[in-house]
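When you line the sequence shown up against UniProt numbering, it's residues 1 to 269, in that order.
No residue lacks a Cβ here, since even glycine has one placed at the ideal position from N, Cα and C.
All remarks here apply to the structure that follows.
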Amino acid sequence: MPHVREHVLDGTHGTLAVRQWPHPAPRCLALLAHGYGEHAGRYGELAARLTGHGAAVYAPDHAGHGRSAGERVLIEDFEDVVTDVHTVADSARAAHPGLPLVLVGHSMGGLIAARYAQRYGDELSALVLSGPVIGAWELPGRLLALEEIPDVPVSPSALSRDPAVGAAYAADPLVWHGPMKRPTLEAFARTLDTVDRSGDVHGLPLLWLHGDDDRLVPLPGSRAGVERLSGGRHTGRIFPGARHEVFHETCKEEVFAELLAFLDRVLPR
Numbered sequence: 001m002p003h004v005r006e007h008v009l010d011g012t013h014g015t016l017a018v019r020q021w022p023h024p025a026p027r028c029l030a031l032l033a034h035g036y037g038e039h040a041g042r043y044g045e046l047a048a049r050l051t052g053h054g055a056a057v058y059a060p061d062h063a064g065h066g067r068s069a070g071e072r073v074l075i076e077d078f079e080d081v082v083t084d085v086h087t088v089a090d091s092a093r094a095a096h097p098g099l100p101l102v103l104v105g106h107s108m109g110g111l112i113a114a115r116y117a118q119r120y121g122d123e124l125s126a127l128v129l130s131g132p133v134i135g136a137w138e139l140p141g142r143l144l145a146l147e148e149i150p151d152v153p154v155s156p157s158a159l160s161r162d163p164a165v166g167a168a169y170a171a172d173p174l175v176w177h178g179p180m181k182r183p184t185l186e187a188f189a190r191t192l193d194t195v196d197r198s199g200d201v202h203g204l205p206l207l208w209l210h211g212d213d214d215r216l217v218p219l220p221g222s223r224a225g226v227e228r229l230s231g232g233r234h235t236g237r238i239f240p241g242a243r244h245e246v247f248h249e250t251c252k253e254e255v256f257a258e259l260l261a262f263l264d265r266v267l268p269r
């Protein structure tokens, strides 16, 4: 694994903990947006593949997640989270001016990344969405219809066919293992609608990665959202049997190969 550095930035709701996997002479910058309830530290292997391919990698813990400030998993407005990610991007560009920027978003991070591309797409060279919460995701509506949000955490077995992934997730003290919170669900619903109504990303190269056995963010709902976001112009790869976290799946070598080949096609040499 490459050496990881950590620093803090001022975010919209307090301090943001940011991990950085440096490269001595990067050819691009990669910005990672993690999913709900987790943290950027779970993306060390992805960062290693990217730094090995010439990227300097930056990844914040979103507000209320990991080592960043805020009530745990409370997000009242995803626009603020997008602004935080943009703050990290500005910091990365200041350290490495002139390099192309790639944004990789997983799950909730895919929703954040999609909205980021709508707001700041002219600053991106490529967008990668992994199991993205985009399009028709029914969970917020189902839970908000209930009088009380049930205390049902994410099932570790839904993440990957590799049992070690679920075991590490279950034992991780920086992962949230409690119930979802109503304001966060309401913010999900609003932002899904905002992304749906805010148009496509005007030809920005987009790679969509998804497992066809994703039980947390089902494939059909994401497909509809990706089609709208990309205007039908995207590269998609669906992995048979894979669950939600394709970067942690038993087929991860295929996933990494797909990602790196895409970057080679769309980034300037």
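Could you say which of the options lies nearest to residue i if we only look at CA atoms?
i, options, result
"residue 107", "243, 252, 58 and 122", "243"
"residue 256", "175, 16 and 43", "43"
"residue 130", "265, 258 and 266", "258"
"residue 39", "25, 47, 71 and 67", "67"
"residue 101", "91, 28, 72 and 173", "28"
"residue 146", "87, 185, 20 and 37", "185"
"residue 239", "161, 175 and 192", "161"
"residue 166", "152, 174 and 156", "156"
"residue 169", "50, 37 and 124", "37"
"residue 59", "210, 13, 250 and 104", "104"
"residue 137", "197, 192, 48 and 13", "192"
Are there 16 or more other CB atoms within 10 angstroms of the CB of residue i, so buried, or fewer, so exposed?
i, result
"residue 99", "buried"
"residue 132", "buried"
"residue 1", "With a pLDDT of 49 at residue 1, under the threshold of 50, the modelled position of that residue is not reliable, and no figure is offered here."
"residue 219", "exposed"
"residue 214", "buried"
"residue 248", "buried"
"residue 117", "buried"
"residue 164", "exposed"
"residue 212", "exposed"
"residue 65", "buried"
"residue 265", "exposed"
"residue 252", "buried"
"residue 221", "buried"
"residue 41", "buried"
"residue 141", "exposed"
"residue 20", "buried"
"residue 269", "exposed"
"residue 232", "exposed"
"residue 152", "exposed"
"residue 224", "exposed"
Is the CB-CB distance between residue i and residue j below 8 angstroms?
i, j, result
"residue 201", "residue 229", "yes"
"residue 195", "residue 114", "yes"
"residue 121", "residue 204", "yes"
"residue 182", "residue 144", "yes"
"residue 18", "residue 34", "no"
"residue 134", "residue 226", "yes"
"residue 77", "residue 187", "yes"
"residue 53", "residue 263", "yes"
"residue 92", "residue 31", "yes"
Between which two residues does the beta strand (DSSP E) holding residue i run?
i, result
"residue 238", "235-239"
"residue 10", "5-11"
"residue 18", "14-21"
"residue 63", "Run containing residue 63: none; DSSP gives neither H nor E here."
"residue 30", "28-33"
For residue i, collect the residues of the same chain with a Cβ closer than 7 angstroms to its Cβ; drop the 5 residues on either side in sequence, then sort them by chain order.
i, result
"residue 81", "62, 63, 75 and 112"
Excluding the 5 residues flanking residue i on each side, which residues of the same chain have their C-beta closer than 6 angstroms to its C-beta?
i, result
"residue 216", "158 and 244"
"residue 236", "208"
"residue 206", "127, 230 and 234"
"residue 22", "56"
"residue 15", "8 and 69"
"residue 260", "53"
"residue 46", "247"
With residue i as the anchor, note down where its alpha helix (DSSP H) starts and where it stops.
i, result
"residue 44", "44-52"
"residue 169", "163-171"
"residue 104", "Residue 104 -> not in any alpha helix (DSSP H); beta strand (DSSP E) instead, spanning 101-106."
"residue 183", "182-197"
"residue 86", "78-95"
"residue 69", "Note, residue 69: premise wrong, no alpha helix (DSSP H); not H, not E."
For chain D, find out if any of its Cβ atoms is closer than 8 angstroms to the Cβ of residue i; answer yes or no.
i, result
"residue 10", "Chain labels in this structure do not include chain D; a single protein chain is all it has."
Excluding sequence positions up to five away, which residues of its chain have a Cβ less than 8 angstroms from the Cβ of residue i?
i, result
"residue 72", "64, 65, 176 and 178"
"residue 303", "Residue 303 lies beyond the residue range present for the chain, which begins at 1 and ends at 269; the question has no answer from this structure."
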